[in-house]
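For the sequence shown, the positions run 0 to 164 when numbering that gives the first Met the number 0 is used.
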Amino acid sequence: MPATSRRSRQRCRGAKLLYLENPTSMVFDLQEIGRLAALAKAHGAATIIDNSWATPLFQQPLKHGIDLVVHSASKYLSGHSDTVAGVIAGSAERIARVNDLTYPYLGGKLSPFEAWLLVRGMRTLPLRMRQHQESGLAIAGAWPTTRWSPACCTRCSPTTRAAPR
Ligand SMILES: Cc1ncc(COP(=O)(O)O)c(C=O)c1O
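Below is the structure:
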């Protein structure tokens with residue numbers, strides 16, 4: 000749904016929070032996050048985005064006006080499927096508020112060893128993401144000339160969107 004559509008504006012009315020994921024899981028749909036951030040702001044709503052798939056290398060939502068960015072660091076950031084971690088990023092003021100409100104109840108969950116695994120994994124993030132991108136584009140570009148049946152395979156690539164949904 001376009002960020003500026005009447006339906007989007009109506010849905011924002013009275014909202015306190017707009018929670019986004021871009022690209023979306025599984026089908027990799029893209030949203031106009033800058034426009035959605037502006038729309039939320041105009042309605043006095045805060046914005047949070049799950050940036051796990053894009054990683055900070057491919058998308059920096061704070062630059063587009065999003066208030067808080069969350070990542071599952073268990074995925075691309077750590078990159079080796081050997082740790083469960085998360086990241087939240089935003090202004091010092093907002094992060095301090097998150098810490099004040101949640102830290103006393105949830106505590107610091109990441110063990111030193113998992114933190115080490117995460118830092119180790121992030122050293123290769125640029126290389127891994129470049130390869131993911133090249134492989135993804137090669138596969139998306141080959142479709143539908145591959146032998147996969149279009150009946151059971153839909154190309155879901157943000158750069159080469161093919162199928163109507
Ligand atoms: C986009 C996205 N964000 C967050 C999560 C949660 O991640 P974790 O397994 O690190 O709790 C998932 C899990 O699959 C996910 O796909």
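Cβ coordinates follow ideal geometry from the N, Cα and C atoms, glycine included.
These figures come from a predicted structure and were not determined experimentally.
Hey, how far is the Cα of residue i from the Cα of residue j?
i, j, result
"Leu56", "Thr123", "12 angstroms"
"Ala79", "Ser51", "Reading off the sequence shown, one finds His at residue 79, where the question assumed Ala. Straight-line Cα distance between these residues: approximately 15 angstroms."
"Ala41", "Phe112", "43 angstroms"
"Asp99", "Lys62", "25 angstroms"
"Thr171", "Leu109", "In the structure displayed, the chain extends from 0 to 164; residue 171 sits before or after that span and is not available."
"Gly107", "Arg5", "42 angstroms"
"Ala162", "Met121", "Confidence at Ala162 is low in this model, with a pLDDT of 41, below 50, so its placement is unreliable and the value that follows should be read with caution. Each residue's Cα considered, the two are about 34 angstroms apart."
"Gly64", "Leu105", "28 angstroms"
"Ala36", "Ile47", "9 angstroms"
"Pro60", "Ala141", "31 angstroms"
"Ala139", "Pro103", "46 angstroms"
"Arg93", "Phe27", "28 angstroms"
"Ser24", "Arg119", "25 angstroms"
"Arg164", "Ser156", "Note that Arg164 scores 39 on pLDDT, short of 50, meaning its location in the model is unreliable and no value can be drawn from it."
"Arg129", "Ala137", "12 angstroms"
"Val83", "Ala114", "10 angstroms"
"Ser73", "Ser7", "32 angstroms"
"Ala95", "Leu17", "20 angstroms"
"Arg127", "Leu38", "34 angstroms"
How far does the beta strand (DSSP E) with residue i in it reach, from first residue to last?
i, result
"Thr46", "45 to 49"
"Ile65", "Careful: Ile65 lies outside any beta strand (DSSP E) and carries neither H nor E."
"Leu109", "No beta strand (DSSP E) holds Leu109; DSSP gives it neither H nor E."
On the premise that residue j lies in contact with residue i, defined as a C-beta separation below 8 angstroms, what is that separation, rounded to the nearest angstrom?
i, j, result
"Gln9", "Asn21", "Incorrect: roughly 21 angstroms between the Cβ atoms, too far for contact."
"Leu67", "Leu117", "Contact flag wrong, Cβ pair sits at about 19 angstroms."
"Ala14", "Ala44", "4 angstroms"
What are the start and end residues of the alpha helix (DSSP H) that includes residue i?
i, result
"Glu31", "Where Glu31 is concerned, there is no enclosing alpha helix (DSSP H), given that its DSSP letter is neither H nor E."
"Ala137", "124 to 141"
Which residues, in chain order, sit with a beta-carbon under 7 angstroms away from any heavy atom of ligand 1?
-> Going along the chain, the residues that qualify are Glu20, Ser24, Asp49, Ser51, Trp52, Ser71, Ala72, Ser73, Lys74, Val83, Ala84, Gly85.
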